[in-house]
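What follows is one structure encoded as structure tokens, with my remarks underneath.
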Amino acid sequence: ARHHGQSVSLRVQPGKTSFFPGRESETLGYNGSYLGPTLRVHRGDDVEVAVTNALSEDTTVHWHGLLIPGELDGGPHQTIPTGATWQPVLPIRQPAATLWYHSHAHGRTAEQVYAGLAGLMIVTDDEEKALELPSEYGVDDIPLIMQDRQFENGSLVLPQGMRTRMHGRRGDTLMVNGTINPFARVPARLVRLRLVNGANARFFDLAFTDGRPFHWMASEGGLLERPVELRSLRLAPGERAEILVDFSDGRPVTLATGPDSNVPRMRMMERTADLTGGERDAVVRFEPQGAETSVVKVPEQLLTHERLDPSTAIRRRRFEMTMGMGMGSMMGSGSGGFGINGRSFDIGRVDERVGLGDTEIWEVSGAMMAHPFHIHGVHFTVLSRNGSPPDIRDQGLRDTIVVQEPVELLVQFLQPAENAPFMYHCHILEHEDNGMMGQFSVS
Ligand code: C2O
Ligand code: CU
Ligand code: CU
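If you read the sequence shown in mature numbering (1 follows the signal peptide of the UniProt record, and there is no 0), its first letter stands for residue 24, the second for the next number, and so on.
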């Protein structure tokens with residue numbers, strides 16, 4: 024295989040960002056003042072990275088979705104102290120996919136990501152190239168990092184308090200790629216959108232305002248076997264999806280999200296109050312330009328996945344994500360009762376030990392609200408949801424999955440993590456920082 028080098032430097036730095044004209048906010052960014060550059064890597068590359076921490080506090084850079092050994096993962100064990108440079112070499116040995124990177128500093132992930140420490144990583148490979156999908160970056164292949172933030176007088180504020188801890192940090196202002204009220208000029212043809220839910224806690228229930236269908240073509244782990252026609256798509260924090268949208272009718276259209284309704288409920292039957300008043304919020308407006316030039320068709324087939332046989336699983340583990348005050352949580356720890364299996368995260372405790380190369384079934388459930396469950400170092404498939412065959416939207420290789428009803432996940436562990444364990448956690452970042460996380464070794 025061709026393993027050529029490529030090098031990337033990231034400087035983690037404080038900055039000032041004008042989200043609203045004439046109003047500055049204190050933010051954090053990689054090389055710039057908010058978010059970071061899109062890293063484009065090819066399967067087979069060995070990417071030499073240098074991350075320099077120019078903040079006045081510790082940070083880490085986690086490569087969310089990258090299949091690499093534990094010591095390269097950038098989780099809470101790979102702390103980069105102020106002034107230091109971390110230089111991992113990342114072996115890219117996985118299929119084309121939309122990944123992202125973000126801070127995973129111990130106890131500080133939510134605040135650092137909220138302030139801006141996130142960016143996109145795109146993996147390409149020859150199989151995907153052969154499909155001739157739209158892939159002109161920024162033209163017909165458009166990344167959309169979706170976030171919500173709270174502003175006061177035009178400056179970013181950091182919500183705090185009990186509600187923030189329970190719901191996760193939310194805001195009434197939506198942004199895409201760090202821009203408020205974004206629009207994109209797109210060619211009047213088939214366009215690929217790489218959707219990333221980079222919010223701390225908000226779920227996005229996406230649909231086009233004119234109800235047009237689109238084709239979902241890739242999940243977190245890469246291409247699906249074949250595109251799936253949908254009219255709406257739910258993306259939880261940490262999840263990504265690639266979709267193909269036909270703009271050949273030349274009409275402007277808005278991608279919008281439904282109300283922000285994932286809030287804790289004490290009882291199952293209680294009605295939920297929408298945090299945003301039940302309205303649909305615009306995420307991004309598309310303005311098709313020019314006459315339709317070529318007719319690019321949605322391919323019928325994308326990629327054939329080798330299916331892992333569930334009967335090869337050698338063990339089951341159960342994980343229950345619990346919140347303080349819930350019936351499932353009786354732990355009364357200092358972190359307010361957030362945990363997994365009744366235990367709050369402890370960086371000095373390895374919760375699970377997995378054998379390298381093993382396949383297992385992980386049963387995951389959660390209390391009081393929907394929690395996006397993420398596992399480092401693996402891509403898994405969903406075997407069941409609420410005891411039934413999974414939803415059509417559960418297909419593909421995943422690294423983050425919404426757990427509202429209990430799910431069974433089929434997971435194969437192919438990356439070693441002996442001295443530096445991997446994490447599994449709720450991707451509502453305030454839940455994670457408050458203890459809804461565990462760690463596992465693979466050896
Ligand atoms: Cu995207 Cu453990 O994180
Ligand atoms: Cu991750
Ligand atoms: Cu959670």
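The C-beta atom is built at its ideal place from N, Cα and C for all residues, glycine as well.
Sorting Ser388, Ser255 and Leu122 by C-alpha distance to the C-alpha of Val401 places Leu122 at the top.
In this structure, DSSP gives Asp417 a helical state, which the three-state scheme calls helix. Counting along the chain, Gln135 sits inside the alpha helix (DSSP H) bounded by residues Thr132 to Ala138. At least one heavy atom of ligand 2 is found less than 7 angstroms from the C-beta of His397. With a cutoff of 8 angstroms on beta-carbon distance, Ser411 and Glu431 are scored as not near each other. For His100, the Cβ stays outside the 7 angstroms cut-off from all heavy atoms of ligand 2.
Of the heavy atoms belonging to ligand 2, at least one sits nearer than 7 angstroms to the Cβ of His87. Under a 10 Å Cβ-count criterion, Pro104 is classified as exposed, with fewer than 16 other Cβ atoms of the shown protein chains found around its own Cβ. With contacts defined as CB atoms closer than 8 angstroms, Val377 and Phe396 fail to qualify as a contacting pair.
Only buried fits Glu151, as 16 or more other CB atoms lie within 10 angstroms of its CB. Looking only at Trp385, Glu134, His87 and Gly419, the smallest Cα-Cα distance to Gly142 is reached by His87.
With a cutoff of 8 angstroms on beta-carbon distance, Ser158 and Ala211 are scored as not near each other. For Met446, the Cβ falls inside the 7 angstroms cut-off from some heavy atom of ligand 1. In this structure, DSSP gives Asp374 a state outside helix and strand, which the three-state scheme calls coil. Between Met459 and Gly362, the CB-CB gap stays under 8 angstroms. The three-state secondary structure of Asp149, taken from DSSP, is helix. Counted as a single uninterrupted DSSP element, the beta strand (DSSP E) harbouring Glu441 occupies residues Ala440 to Cys449.
Its Cα nearest to that of Tyr124, the residue Gly139 stands out among Pro118, Leu325, Ser48 and Gly139. Per the DSSP secondary-structure output, Met169 pairs in a beta bridge with Val199 and Asn220. At least one heavy atom of ligand 3 lies closer than 7 angstroms to the C-beta of Met344. DSSP places Thr187 inside the alpha helix (DSSP H), whose first and last residues are Met185 to His190. At a threshold of 7 angstroms, His454 counts as near ligand 3, since its beta carbon sits closer than that to one of the ligand's heavy atoms. Within the same chain, Ile337, Arg338, Gln435 and Phe436 come within 8 angstroms of Asp381 by CB-CB distance, once the 5 residues on both sides are set aside. Taking all protein chains in view, the Cβ of Met198 is crowded by 16 or more other Cβ atoms within 10 Å, so the residue is classified as buried. Sequence-distant partners of Ser41 (beyond 5 residues in either direction) whose C-beta falls short of 6 angstroms from its own C-beta, in its chain, are Glu47.
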